[in-house]
Amino acid sequence: AFVRRAHELVSSADFGPLRGLSAEFALLKPESYFQRDDPRLAWRSQKGAGGPVLINLIHDVDLLRFITGHEVSTVFASLSSTARQNDVEDTGAV
(Lines of atoms letter the chains of each structure in order from A and count residues from 1; the text may use other names and numbers.)
(Lines give C-alpha, C1' and ligand atoms only; values in the text may rest on other atoms or scores of the structure.)
Protein backbone atom coordinates (compact mmCIF):
# COMPACT_ATOMS: atom_id res chain seq x y z
CA ALA A 1 0.00 0.00 0.00
CA PHE A 2 2.84 2.41 0.87
CA VAL A 3 4.66 1.84 -2.43
CA ARG A 4 1.50 2.26 -4.50
CA ARG A 5 0.67 5.47 -2.65
CA ALA A 6 4.19 6.80 -3.21
CA HIS A 7 3.81 6.02 -6.92
CA GLU A 8 0.47 7.87 -7.02
CA LEU A 9 1.96 10.93 -5.31
CA VAL A 10 5.04 11.10 -7.51
CA SER A 11 2.97 10.54 -10.67
CA SER A 12 0.47 13.27 -9.76
CA ALA A 13 0.45 16.44 -11.84
CA ASP A 14 0.60 18.37 -8.56
CA PHE A 15 3.98 16.81 -7.79
CA GLY A 16 5.66 18.37 -10.82
CA PRO A 17 8.40 16.90 -13.00
CA LEU A 18 10.93 14.67 -11.28
CA ARG A 19 14.44 16.06 -11.86
CA GLY A 20 16.52 13.90 -9.59
CA LEU A 21 16.47 11.48 -6.71
CA SER A 22 18.65 10.86 -3.71
CA ALA A 23 18.13 7.84 -1.47
CA GLU A 24 19.89 6.03 1.33
CA PHE A 25 20.33 2.26 1.68
CA ALA A 26 21.96 0.79 4.75
CA LEU A 27 22.35 -2.71 6.09
CA LEU A 28 24.72 -4.74 8.16
CA LYS A 29 24.92 -8.39 7.23
CA PRO A 30 26.02 -10.64 10.09
CA GLU A 31 29.36 -12.38 9.77
CA SER A 32 27.48 -15.67 9.27
CA TYR A 33 26.16 -14.31 5.95
CA PHE A 34 29.68 -14.51 4.52
CA GLN A 35 30.59 -17.94 5.92
CA ARG A 36 32.41 -19.99 3.35
CA ASP A 37 32.12 -23.43 4.96
CA ASP A 38 28.70 -24.13 3.38
CA PRO A 39 29.14 -24.74 -0.38
CA ARG A 40 25.48 -23.89 -0.99
CA LEU A 41 26.12 -20.33 0.21
CA ALA A 42 29.59 -19.80 -1.27
CA TRP A 43 28.17 -17.51 -3.98
CA ARG A 44 27.46 -14.86 -1.30
CA SER A 45 31.15 -14.09 -1.02
CA GLN A 46 32.16 -14.53 -4.68
CA LYS A 47 32.91 -11.36 -6.57
CA GLY A 48 30.36 -10.80 -9.34
CA ALA A 49 27.98 -13.42 -7.94
CA GLY A 50 27.08 -12.17 -4.48
CA GLY A 51 27.54 -9.41 -2.00
CA PRO A 52 24.97 -7.21 -0.27
CA VAL A 53 24.82 -4.50 -2.93
CA LEU A 54 24.34 -6.90 -5.82
CA ILE A 55 21.89 -9.14 -3.98
CA ASN A 56 19.87 -6.66 -1.89
CA LEU A 57 20.11 -3.17 -3.34
CA ILE A 58 18.61 -4.24 -6.67
CA HIS A 59 15.22 -4.64 -4.97
CA ASP A 60 15.31 -1.07 -3.70
CA VAL A 61 16.34 0.20 -7.13
CA ASP A 62 13.41 -1.71 -8.62
CA LEU A 63 11.04 -0.02 -6.15
CA LEU A 64 12.43 3.40 -7.07
CA ARG A 65 11.86 2.62 -10.75
CA PHE A 66 8.25 1.69 -10.03
CA ILE A 67 7.56 4.66 -7.74
CA THR A 68 9.04 7.22 -10.13
CA GLY A 69 8.07 5.58 -13.41
CA HIS A 70 11.58 6.29 -14.70
CA GLU A 71 14.61 4.21 -15.54
CA VAL A 72 17.89 4.89 -13.78
CA SER A 73 20.13 6.94 -16.08
CA THR A 74 23.19 7.72 -13.92
CA VAL A 75 24.65 6.13 -10.81
CA PHE A 76 27.67 7.10 -8.74
CA ALA A 77 29.17 4.42 -6.52
CA SER A 78 32.16 3.64 -4.38
CA LEU A 79 32.46 0.16 -2.87
CA SER A 80 35.02 -1.45 -0.61
CA SER A 81 35.72 -4.80 0.99
CA THR A 82 38.19 -3.57 3.58
CA ALA A 83 36.00 -3.99 6.68
CA ARG A 84 35.85 -7.79 6.44
CA GLN A 85 38.49 -8.50 3.80
CA ASN A 86 36.03 -10.48 1.63
CA ASP A 87 36.05 -10.64 -2.14
CA VAL A 88 32.67 -8.84 -2.18
CA GLU A 89 31.76 -5.39 -0.89
CA ASP A 90 31.00 -4.82 2.75
CA THR A 91 31.04 -1.03 2.68
CA GLY A 92 29.91 1.39 0.04
CA ALA A 93 28.07 4.44 -1.13
CA VAL A 94 25.85 4.20 -4.19
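If you count by this note's numbering, then the sequence shown holds residues 6 to 99, one letter each, in order.
Glycine is no exception: its CB is placed at the ideal position from the N, C-alpha and C atoms.
Fair warning: this is a prediction, and the values are worked out from it, not measured in the lab.
Exercise. Under a three-way DSSP split, which group does S78 fall into?
Worked result: coil
Exercise. Within 10 angstroms of its Cβ, does S83 collect 16 or more other Cβ (buried), or is it exposed?
Worked result: exposed
Problem set entry | For L69 and A28, believed in contact at Cβ under 8 angstroms, the rounded distance | 6 angstroms
For this session: Can you give me the Cβ contacts of I72 inside the same chain, cut-off strictly under 6 angstroms, excluding the 5 residues immediately before and after it?
Result: A11, H12 and V15
Exercise. Taking just the CA atoms, how far does G53 sit from V93?
Worked result: Rounded to whole angstroms, the gap between the alpha carbons of V93 and G53 is 8 angstroms.
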